[in-house]
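In my numbering, the protein residues as written are 350 to 524.
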């Protein structure tokens, strides 16, 4: 039961990541023209706070953020597809005999191995989509200048470190 709930939770997080990345991407596309026209209001020269408003750099900022958000949406969509397939395959394992797996169809010798492979691909694609979206946040803040990029990059390193290397829990035994 816990495995099914964990799979459902991972699917929900992946769907949220895909939805947020496509919404931010569409919002960027909607405000690109207006932001470029109003960019002269922030500063008149290259400023340390707001950064360069050179048209070439401005296009680079929007394009790099848009590409990363589109890649995040793509990998998150693939992850949802793999996780849904894995969900069906997990439910089908109980009805499938051990030796009934066609090697040419699945590329593996057993049905359980194929199910494990699909599940691993789903989790891997979800991780890639999540990481690419995390990397796109500093690029999104790059439009406001170099200082928000620096602060958000430091925050991103700290958050990803906390995710990758969780603190070791100490267990105390009560007597």
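Where is the CB? At the ideal position from N, CA and C, for every residue including glycine.
> Is residue 494 helix, strand or coil when you go by DSSP?
Replying inline: Reading the chain shown from its first residue, position 145 is the one you call residue 494. Of the three classes helix, strand and coil, the one that applies to residue 494 here is coil, per DSSP.
>> Just to confirm, is the Cβ distance from residue 422 to residue 376 under 9 Å?
In response: By one-based count along the chain shown, residue 422 stands at place 73. By one-based count along the chain shown, residue 376 stands at place 27. Not in contact: residue 422 and residue 376 (Cβ atoms no closer than 9 Å).
> Using the beta-carbon count (16 or more within 10 Å), is residue 405 buried or exposed?
Replying inline: As a first step, residue 405 must be located in the chain shown, where it is residue number 56. By the 10 Å Cβ count, residue 405 comes out exposed.
> Of the choices 438, 479, 504, whose alpha-carbon is the least far from that of residue 462?
Replying inline: Start at 1 with the first residue of the chain shown, and residue 462 comes out as number 113. Nearest option by C-alpha distance: 438.
> If you draw a straight line from the C-alpha of residue 469 to the C-alpha of residue 515, how long is it?
Replying inline: Translated into the one-based positions of the chain shown, residue 469 becomes position 120. Translated into the one-based positions of the chain shown, residue 515 becomes position 166. Approximately 21 Å, taken between the alpha carbons.
> When DSSP labels each residue in this structure, what does residue 514 get in the three-state scheme?
Replying inline: Along the chain shown, read from residue 1 onward, the residue named residue 514 stands at position 165. Three-state DSSP puts residue 514 in coil, outside helix and strand.
> Helix or strand or just coil, what does DSSP make of residue 403?
Replying inline: Here residue 403 refers to the residue found at position 54 of the chain shown. DSSP places residue 403 in coil when its eight states are reduced to three.
> According to DSSP, is residue 415 helix, strand or coil?
Replying inline: Your numbering for residue 415 matches position 66 in the chain shown. Helix, per DSSP.
> With a CB to CB cut of under 6 Å and the five nearest residues on each side skipped, what residues in its chain are close to residue 477?
Replying inline: Numbered from 1 along the chain shown, position 128 holds the residue referred to as residue 477. Closer than 6 Å at Cβ, skipping near neighbours: 424.
> For residue 410 versus residue 496, is the C-beta spacing smaller than 9 Å?
Replying inline: Counting from one through the chain shown, the residue named residue 410 turns up at place 61. Counting from one through the chain shown, the residue named residue 496 turns up at place 147. Cβ atoms of residue 410 and residue 496: not closer than 9 Å.
> Roughly how far, in whole angstroms, is the beta-carbon of residue 556 from the beta-carbon of residue 364, given that I think they are within contact range, below 8 Å?
Replying inline: A question about residue 556 goes unanswered here, because the residues of the chain that appear run from 350 up to 524.
> Using the rule of at least 16 other Cβ atoms within 10 Å of the residue's Cβ for burial, across every protein chain shown, is residue 460 buried or exposed?
Replying inline: Reading the chain shown from its first residue, position 111 is the one you call residue 460. It counts as buried.
>> With a threshold of 7 Å on Cβ separation, who are the neighbours of residue 471 within its own chain once the five nearest residues in sequence on each side are excluded?
In response: The residue given as residue 471 occupies position 122 in the chain shown. Within the same chain, residue 471 has close Cβ partners 428, 431, 432, 435.
>> If the criterion is Cβ atoms closer than 9 Å, does the pair residue 485 and residue 414 meet it?
In response: On the chain shown, residue 485 is found 136 positions in, with the first residue counted as 1. On the chain shown, residue 414 is found 65 positions in, with the first residue counted as 1. In contact: residue 485 and residue 414 (Cβ atoms closer than 9 Å).
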